[in-house]
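Notes follow the structure.
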Amino acid sequence: MAKQLTYTPLNNIGLNGLNTQSNPASLDISWLTKADNVVVRESGVISVRKGLRQLAQAASVKVGAIGELGSDVVASVGDKIITVDWATSTTLSAPVTSTTFTGATSDWMFVNFNDKLYAVQGGQDPLEYNGTSWTNIPDGAATGYPATLSATTFQPSCCMGYYGRLWVGGVTSNKASVFYSDLLQGATWSGGSSGVLDLNKVWGNDEIVAIAPFYGKLVIFGKKNIALYNNPADPNTATTFGLDEVIRGVGCVARDTVQAIGDDLVFLSETGLRSLARTTELDKVPLSDLSVNVKDTLTRETAQASDAKGIYLEEEGVYLLSFVDKNSTYVFDMKHITANKAPRITTWKFESDREPACFANTTSKGFVVGQKAGSIASYVDYIDKDMTGSSTFTEHKYTSRFISVWLEMGEGVAASLLKKMRAMFNGGKDTSVNINMFKDFGLTAYKTVTLDLTPTSSGTPSLFGEAEFGVGEYAPVYGLKEYSIPLSGSAKHFKIGMDTEVNGSLVSLQDSTLLFKQGKIR
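The sequence shown begins at 2 in the working numbering and counts up one residue at a time.
Structure, rendered in structure tokens:
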């Protein structure tokens, strides 16, 4: 007697994103074991990332920081800070202005405060930009730095403009102190109501990495500890300003990963991406780990990387974390929280040094990316575009790849006879998809089928198509098309992978189903 055809819907494939921490044989279909150049949309479908379209041509070295003052967008490129001329010159080698700072690298930190733009970098004097020119603060204002330090030693590595003052830390000669300026006087850390916080007795041997506001408090991140102070708006009143809490054993290892997300602060620690709100609320550091689903992988990357940048895109609801020198970008989807209270995670990778070397949300250009290749790009379209002249681009395809977890076929003791897979894709005109099939814990695919996507691209969109007398025929919705992929062989365990050549079109896997028959016990 012929055995009945059985089917398994894969409706939630990849819904929870990447999981490299758990045993892939014990996870359900909602997880992925690889998710490169992938995003999971709010509807739960797996889609491809957008591309990076260059707005300014490549310079000689990476764009390590981007800032904005009024209509001016400035970028740090090697030992220069440039003002980009968007109107008449789309090249970073011919900016509006360019100022050289001997010995500087691309990794400045730009901070807006009181209608001016400030820049700090370890080993360099702090800078002030008024919209016309950059001023070296110690040289341009001899009384600007603290009386206890000289112009050659007052070189902070991090900065914050908040609570009416400019706060700096990581100073070359005193890495455990925070210096705050006179009220509304960003370039003056001496005299008036300016002052200093010495954290040597607060947390012992540690150094300041970042400073941020949080719930009306001042947060000072060390590499191994975090200190929170109350009432920073009045730091010279001892009865109100003071130490609120010290979180020991967890700190921040990368200044530019600290980002405010709603009522939370997110930052990169030695052991993963952390949430300050959860750390303080629960008082249990492991529960604040937002990267628990990729913990070991992310911890290794953190230990090996020397350059990490982060940003929160509010309109997308995602936090991006780029390990610049590793060409590895993690995407934390804060809109979707998995059962273990961590955001959904996917990854992005780039070719030819297009990976993000910094991020910025600008008023004039929106979200922009400073690339390792030395360009500034926007996140649009579905193909990477390199500028080769004014409004002239060269397009580059990239590959989006995901692999599912292992699916148990039947009862585990009986092999299933694999028949076919049905997959519905949205979009993907002129796009090819390789369907890779694995069985019984094999490391390589035993079969690959290539689909050339040909979605419906004309006519009137409708759910069932149009027919006489209003009776619907089962024609595809505009952009949607179902494909049948033949399978073969038998397996107790089965998983699929899809490699999509992104070529200018959105591609999403809307739905998929496995069809098989129960085989013999083996």
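For every residue, glycine included, the Cβ atom is placed at its ideal position computed from N, Cα and C.
Local Cβ density within 10 Å of residue i, reported as buried at 16 or more and exposed below that
i	result
valine 41	buried
lysine 202	exposed
phenylalanine 442	exposed
proline 233	buried
aspartate 431	exposed
proline 344	buried
tyrosine 383	buried
leucine 510	buried
aspartate 257	buried
asparagine 294	buried
glutamine 55	buried
glycine 124	exposed
tyrosine 216	exposed
glycine 263	exposed
glycine 429	buried
glycine 250	exposed
threonine 364	exposed
Residue of the options minimising C-alpha distance to residue i
i	options	result
valine 197	Lys224, Lys430, Phe215 and Gly243	Gly243
serine 99	Met110, Phe111 and Lys81	Lys81
glutamine 260	Asp290, Thr298, Pro214 and Arg249	Pro214
threonine 303	Glu315, Leu274, Leu321 and Ser289	Leu274
serine 392	Ala57, Val49 and Leu33	Ala57
proline 25	Gly480, Leu444 and Gly223	Leu444
valine 450	Ser513, Asp500 and Ser292	Asp500
tyrosine 484	Ala120, Ser513 and Gly498	Ser513
serine 158	Val247, Ile209, Asn115 and Lys117	Ile209
aspartate 354	Thr347, Lys342, Thr364 and Gln372	Gln372
glutamate 316	Glu43, Ile83 and Pro10	Glu43
Distance CB(residue i)-CB(residue j) smaller than 9 Å
i	j	result
asparagine 20	valine 319	no
histidine 494	glutamate 409	yes
tryptophan 349	valine 332	yes
asparagine 427	leucine 507	yes
serine 194	asparagine 226	no
leucine 266	valine 254	no
threonine 7	leucine 488	no
tyrosine 380	glycine 52	yes
lysine 35	arginine 402	yes
glycine 311	phenylalanine 368	no
aspartate 73	valine 39	no
leucine 33	glycine 15	yes
arginine 50	valine 370	no
glycine 252	glycine 223	yes
leucine 70	tyrosine 130	yes
aspartate 183	lysine 218	no
glycine 79	alanine 59	no
Check: residue i C-beta below 8 Å from any heavy atom of the ligand MG
i	result
cysteine 253	Of ligands this structure carries none, so the ligand MG is not represented either.
Practice task
Kindly provide the ranges of any beta strand (DSSP E) runs that are 3 or more residues long and lie completely inside the stretch 36-114, ordered along the chain.
Solution key: 39-41, 47-49, 52-57, 64-70, 73-78, 81-84, 98-101 and 110-114
Practice task
Inspect the CB distances between the stretch 370-385 and the stretch 52-64 and report whether three or more fall short of 8 Å.
Solution key: yes
Exercise for the section: Evaluate the contact criterion for the stretch 392-406 versus the stretch 333-343: three or more CB pairs, one atom per stretch, below 8 Å. Expected result: no
Handout entry: Given 8 Å, three or more beta-carbon pairs between the stretch 126-136 and the stretch 172-185
Key = no
Problem - Sequence ranges, beta strand (DSSP E) only - wholly within the stretch 156-186, length at least 3 - result: 159-163, 166-170 and 178-181
Problem - Contained beta strand (DSSP E) runs [length at least 3] in the stretch 386-435, N- to C-terminal order - result: 393-397, 399-405 and 415-428
Exercise for the section: Please go through the stretch 272-353 and give each complete beta strand (DSSP E) segment of 3 or more residues, from N-terminal end onward. Expected result: 273-276, 309-314, 319-324, 329-338 and 344-349
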